[in-house]
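Chains as they are written, first to last, in the working numbering: chain A, 8 to 122; chain W, 81 to 302.
Glycine included, every Cβ here is placed at the ideal spot set by N, Cα and C.
Set out below in C-alpha cells:
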C-alpha cells in the first residue's frame, strides 16, 4: 500500500546517484534487494515506478529485484535456518529467542546507464 | 556503465526516526507505537488505559487517521493531552512516517509527560515497516478478526514487543479459539507477551497496565 512512497524514494536516490557530468543520462536498469518479509508487492512497485518515471532519466528503466530469503538465528541454541512461512519458532530447541538476520531489506544496490 | 549505490530505500525515514528517538530521550518520555487493523478497539483500549494510568503516569497521545478527528475527540475526554494527525493532507498515507511525529510531539509538549502513545493508522501491513522512533510496539487484535491473522500478517507480529487480544467479552458468542490465536502469535514471535482484555468490561487490564508501568519506569526512572 505504500509502494508509491517507496518508488518515489527509489527515483530520488537513483537520480542523486547519477554523476552530474553525464549528459542526457538514460537509466536502463535499477538493481534492488528486497527481503521476502518486507511489505512490498512487486507488481505495485513496478506500476508506481513506471508512472512516476515518465519524462525522467529513468523512463522505461527495468527493476531487477533480488529477493532475499528470511534467515533467522536462535540466540538460545545458536542454530541458523531459512524461514519460508510465517513460523519463526525454533525447530531445534523450540523455545529459542529468535532474531532475524535477513529478509527485511528494501535496498537499491546499483543502477545501469545506457552507453 | 554500472553505478554502485548500496542504499536503504527507507533511509530517509530511519534518519527521521533516529532524530525522534533522540528527542524522546532528551524529554525522558517512553513512547509506544500502537498498531492494529481498523475496528480492533484500539481507541477504546487506549481510553480505558489512560483513565487507569493517570494521574500517576502523565500520558500524551498522538492519533493517526486518514480522515476525521473522531478518535482524538474520544481520547480528550479522558483528560490526556491529545493531538491528531490526518494523513489525507499528505496523500492519504496508510501509516504514520517518522517525519510526521516530531511536530505533533512538540505541539503536545513532552516536558511534562512520562508516556507518549502513538495510535497508528488502522492497518496490519504498512505501519509495521515504518520506524517512528518509538521505544516499544504494541499490536492490538480482537477476537472478531480470525485466529490466523498473526500468520497472515507475520511482520506486524514479528516487530511487536507486546500484543493485546481485545473484546474477550464476546468469546461466549463466537466460534473463536483464543488459545489458537495466542499460539499463532507465538509461532511468529516466541516469547511475545500477550494480554487478553476487554476494553468494554475492563477485564484483564492489570497485567497490561503493569507491563506499561514497568517499561515507563525502566526508561524514565519514574
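Under 8 Å by beta carbon: chain W residues contacting residue i
i, result
"residue 96 of chain A", "266, 267 and 270"
"residue 122 of chain A", "81"
"residue 25 of chain A", "83"
Contact with chain W by residue i, beta-carbon distance below 8 Å
i, result
"residue 50 of chain A", "no"
"residue 63 of chain A", "no"
"residue 119 of chain A", "yes"
"residue 114 of chain A", "yes"
"residue 18 of chain A", "no"
"residue 108 of chain A", "no"
"residue 80 of chain A", "no"
"residue 71 of chain A", "no"
"residue 104 of chain A", "yes"
CB contact check: residue i to chain A, cutoff 8 Å
i, result
"residue 273 of chain W", "no"
"residue 206 of chain W", "yes"
"residue 135 of chain W", "no"
"residue 147 of chain W", "no"
"residue 92 of chain W", "yes"
"residue 241 of chain W", "no"
"residue 238 of chain W", "yes"
"residue 231 of chain W", "yes"
"residue 174 of chain W", "yes"
"residue 227 of chain W", "no"
"residue 282 of chain W", "no"
"residue 96 of chain W", "no"
"residue 214 of chain W", "no"
"residue 124 of chain W", "no"
"residue 290 of chain W", "no"
"residue 209 of chain W", "yes"
Sub-8 Å separation of residue i and residue j beta-carbons
i, j, result
"residue 86 of chain A", "residue 99 of chain A", "yes"
"residue 189 of chain W", "residue 101 of chain W", "no"
"residue 260 of chain W", "residue 227 of chain W", "yes"
"residue 200 of chain W", "residue 115 of chain W", "yes"
"residue 164 of chain W", "residue 198 of chain W", "no"
"residue 294 of chain W", "residue 246 of chain W", "no"
"residue 240 of chain W", "residue 218 of chain W", "yes"
"residue 33 of chain A", "residue 120 of chain A", "yes"
"residue 97 of chain W", "residue 130 of chain W", "no"
"residue 14 of chain A", "residue 115 of chain A", "no"
"residue 123 of chain W", "residue 146 of chain W", "no"
"residue 139 of chain W", "residue 176 of chain W", "no"
"residue 89 of chain W", "residue 17 of chain A", "yes"
"residue 251 of chain W", "residue 223 of chain W", "yes"
"residue 108 of chain A", "residue 68 of chain A", "no"
"residue 279 of chain W", "residue 125 of chain W", "yes"
"residue 128 of chain W", "residue 297 of chain W", "no"
"residue 249 of chain W", "residue 281 of chain W", "yes"
"residue 118 of chain A", "residue 182 of chain W", "no"
Residue i - DSSP class collapsed to helix/strand/coil
i, result
"residue 109 of chain A", "strand"
"residue 137 of chain W", "coil"
"residue 24 of chain A", "helix"
"residue 159 of chain W", "coil"
"residue 243 of chain W", "strand"
"residue 190 of chain W", "helix"
"residue 111 of chain W", "strand"
"residue 117 of chain A", "strand"
"residue 307 of chain W", "A query on residue 307 of chain W cannot be resolved here, the shown segment of chain W reaching from 81 to 302 and no further."
"residue 166 of chain W", "strand"
"residue 179 of chain W", "helix"
"residue 122 of chain W", "helix"
"residue 80 of chain A", "strand"
"residue 38 of chain A", "strand"
"residue 259 of chain W", "helix"
"residue 87 of chain W", "strand"
"residue 154 of chain W", "helix"
"residue 251 of chain W", "helix"
Interface partners of residue i on chain A, CB under 9 Å
i, result
"residue 219 of chain W", "Result: empty, since nearest Cβ-Cβ is about 14 Å, beyond 9 Å."
Partner residues on chain A for residue i, Cβ-Cβ distance less than 7 Å
i, result
"residue 84 of chain W", "117"
Partner residues on chain W for residue i, Cβ-Cβ distance less than 7 Å
i, result
"residue 13 of chain A", "89"
Proximal chain A residues relative to residue i, where beta-carbon distance stays under 8 Å
i, result
"residue 234 of chain W", "44, 93 and 95"
"residue 298 of chain W", "Neighbours of residue 298 of chain W on chain A: none; closest Cβ ~19 Å, over 8 Å."
"residue 286 of chain W", "Correct list: empty, because the minimum Cβ distance to chain A is about 26 Å."
Residue i beta carbon near the ligand ATP (any heavy atom closer than 7 Å)
i, result
"residue 288 of chain W", "Judged by which ligands are present, the structure shown has none, so any question about the ligand ATP falls away."
Three or more C-beta pairs closer than 8 Å, one from the stretch 65–81 of chain A and one from the stretch 108–116 of chain W: is that the case here? Fewer than three beta-carbon pairs drawn from the stretch 65–81 of chain A and the stretch 108–116 of chain W are found closer than 8 Å, and the two stretches are therefore not classed as touching.
So does the stretch 38–57 of chain A actually touch the stretch 229–239 of chain W, counting three or more Cβ pairs closer than 8 Å? yes
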